[in-house]
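For what it's worth, the numbering used here labels the leading residue of the sequence shown as 2, then goes sequentially.
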Amino acid sequence: MTEPATEPATEPQAESAADVAARAWRNLGVVFHERNDVRRQVTEALGMSFFRAKALRRIAAAAEPLTLGDVAGLLLTDRPYATVVVDDLVGRGLVERAPNPADRRAKLVTATEAGRAAAAEAERILATPPPELYGLPAEDLAVLDRIALHLLGESEAPGGA
């Protein structure tokens, strides 16, 4: 037979802020990465790895042509791998290389029209909220928006909303 507890019963302790933050982070990960894997959606839509799609998006968004060093820096990778990725995108007709007038040893990379269209499709997919957000009450969406702005270090939504 089990002996009764000799210690007085204690009230359950409230969760710590760290525990709640960890649970919220895990739950957000499930919502955004498991249930609504937009990276997989981009990969399937563009027929390339997400890393290559990311490279294409960075190249297409650049105001000026990029060197391979620029591409490597934007992708936080090394130049040889950036070269492999750019070579693949060139082969797909999504980016092109041109001589760099400032350095004839270097090439400049720009997105083609097809590349800009593919990058825009990736951006559209990435910007589409998960279906679960559409089912939230307006008050909850406002709180979620306020929290997201706080996490981003912004004080209010664009347009003062």
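We put the beta carbon where it would ideally sit given N, CA and C, even for glycine.
Pull the bridge partners of residue i from the DSSP assignment, please.
i, result
"proline 100", "Lys108"
"threonine 68", "Leu109"
Between which two residues does the alpha helix (DSSP H) holding residue i run?
i, result
"glutamate 124", "114 to 128"
"aspartate 20", "18 to 30"
"glycine 92", "80 to 92"
"phenylalanine 52", "51 to 62"
Measuring CA to CA, which of the options is closest to residue i?
i, options, result
"arginine 40", "Pro102, Tyr135 and Ile126", "Ile126"
"alanine 118", "Leu47, Ala25 and Asp104", "Leu47"
"leucine 90", "Arg53, Asp104, Ala123 and Ala19", "Arg53"
"methionine 49", "Val86, Pro66, Asp20 and Trp26", "Val86"
Considering only residues of the same chain and omitting the five flanking positions on each side of residue i, which have a CB-CB separation below 7 Å?
i, result
"alanine 115", "Gly94 and Leu95"
"alanine 1", "Because the chain in this structure spans residues 2 to 162, residue 1 falls outside the shown range and cannot be described."
Any heavy atom of the ligand FAD within a distance shorter than 8 Å of the CB on residue i?
i, result
"leucine 134", "Summarising the ligand content, the structure contains no ligands, and the ligand FAD is consequently not present."
Is the separation between the beta-carbon of residue i and that of residue j shorter than 9 Å?
i, j, result
"alanine 62", "aspartate 71", "no"
"proline 131", "arginine 36", "yes"
By Cβ distance, which residues of its chain are closer than 8 Å to residue i, with the 5 residues on each side in sequence left out?
i, result
"alanine 121", "Ala61"
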